[in-house]
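Asker: Residue numbers (the working numbering): 1055 to 1367. All residues carry an ideal CB built from backbone N, CA and C; glycine is no exception.
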């Protein structure tokens, strides 16, 4: 049987190199389908908030138990088959390749001066209005998305994988997918999505802060400003509407020497967010590449550190 650390490392490398092929039956898509399928029946049976709580319990339980069952059954046929299925399940929980792909899909037209195409591409990454963003604002949107999704798409599922293997990683992805599906502060989901949003905040609390601590190390390794990343992380990590989003974004701002946060628009409604970082360089397309490189390095720093700790403990 392959050790868990090696399984996780193989899965992460495979994701970083290959991403998710379109033909691949991605479990997260199944989680999203299940969540939407049970939404209306639950709404008809109880109040929106209770229905949302039940939805979280049902979807998370089914996703986690099903993953555990598939891995156990595969291992019963042959230990190597169990390892293979576990690695595939783990691989499906990481988003290194997709995050890099979508970020560079904005970078490429942006460096060519095609801001209009860059706006359309950045809309795939963020929920804010993008049709009027200039080059600097498009860049800011990408850097912020890469920074926040370093936690959601990489380090948080890594942490849960080290704690509880593939079922742990899928547990995290189920909660995160529920938050992405229901965690909106609008009339439809303010009550129904409450449980998903709060649970997502809870399970991201530790991985977000661990990631913020490791970003300065990763920044130093690729000759970005690790000292500034640490300084801005300590100072500005709470300057964010989310209790977790500012942890990685503040450290990214310091590492890149830029200022993040500020005015965003959502469906033509302005949202003025606190600033993170010092007034320094004007955000330019090359900052997107720096952010992607930082995400890649912090991902592998995280997995190595977690592997060492799991071996010691």
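Within 10 Å of its beta-carbon, does residue 1358 have 16 or more other beta-carbons around it, so buried, or fewer, so exposed?
Answerer: If you number the chain shown from 1, residue 1358 lands on position 304. It counts as exposed.
Asker: By DSSP, does residue 1072 sit in helix, in strand, or in coil?
Answerer: Position 18 of the chain shown, counted from the first residue, corresponds to residue 1072. Residue state, collapsed to three classes: helix.
Asker: CB residue 1311 to CB residue 1328, shorter than 7 Å?
Answerer: Within the chain shown, the letter at position 257 stands for residue 1311. Within the chain shown, the letter at position 274 stands for residue 1328. Contact flag unset, no.
Asker: In chain order, what residues of the same chain lie with their CB nearer than 6 Å to the CB of residue 1085, ignoring the 5 residues before and after it?
Answerer: In the chain shown, the residue the question calls residue 1085 occupies position 31. Only 1117, 1228, 1231 meet the Cβ criterion.
Asker: Starting from the C-beta of residue 1298, find all residues in its chain whose C-beta is less than 6 Å away, skip the five residues before and the five after it, and write them out in chain order.
Answerer: Taking the first residue of the chain shown as 1, we reach residue 1298 at position 244. The answer, listed in chain order, is 1258, 1262.
Asker: The beta strand (DSSP E) that contains residue 1330, what's its start and end?
Answerer: On the chain shown, position 276 is the one that residue 1330 refers to. First-last of the beta strand (DSSP E) with residue 1330: 1323-1330.
Asker: Looking at the secondary structure, which residues open and close the beta strand (DSSP E) in which residue 1317 lies?
Answerer: Here residue 1317 refers to the residue found at position 263 when the chain shown is read from its first residue. 1314-1320 is the extent of the beta strand (DSSP E) around residue 1317.
Asker: Any idea if residue 1124 is buried or exposed, counting beta-carbon neighbours within 10 angstroms, 16 or more meaning buried?
Answerer: The sequence position of residue 1124 within the chain shown is 70, counting from 1. Buried: at least 16 other Cβ atoms inside 10 Å.
Asker: Do residue 1272 and residue 1355 have their beta-carbon atoms positioned less than 7 Å apart in this structure?
Answerer: Here the question's residue 1355 lines up with position 301 in the chain shown. Here the question's residue 1272 lines up with position 218 in the chain shown. For residue 1355 and residue 1272, yes; Cβs fall inside 7 Å.
Asker: Could you work out which residue in 1176, 1075, 1197, 1135 is closest to residue 1343 when comparing CA atoms only?
Answerer: Numbered from its first residue, the chain shown carries residue 1343 at position 289. Among 1176, 1075, 1197, 1135, the Cα nearest to that of residue 1343 is on 1197.
Asker: Evaluate the contact criterion for the region 1077-1093 versus the region 1200-1208: three or more CB pairs, one atom per stretch, below 8 Å.
Answerer: Touching, no, given that fewer than three Cβ pairs across the two stretches are closer than 8 Å.
Asker: Taking Cβ to Cβ, would you say residue 1317 is nearer than 7 Å to residue 1193?
Answerer: Here residue 1317 corresponds to residue number 263 of the chain shown, with the count starting at 1. Here residue 1193 corresponds to residue number 139 of the chain shown, with the count starting at 1. Result no, Cβ atoms of residue 1317 and residue 1193 do not sit closer than 7 Å.
Asker: Residue 1109 to residue 1333, Cα distance in whole Å?
Answerer: Indexing the chain shown from 1 puts residue 1109 at position 55. Indexing the chain shown from 1 puts residue 1333 at position 279. Distance between the alpha carbons of residue 1109 and residue 1333 is about 44 Å.
Asker: How big is the Cα-Cα spacing for residue 1152 and residue 1224?
Answerer: Taking the chain shown and counting its residues from 1, one reaches residue 1152 at position 98. Taking the chain shown and counting its residues from 1, one reaches residue 1224 at position 170. Roughly 18 Å between the two C-alpha positions.
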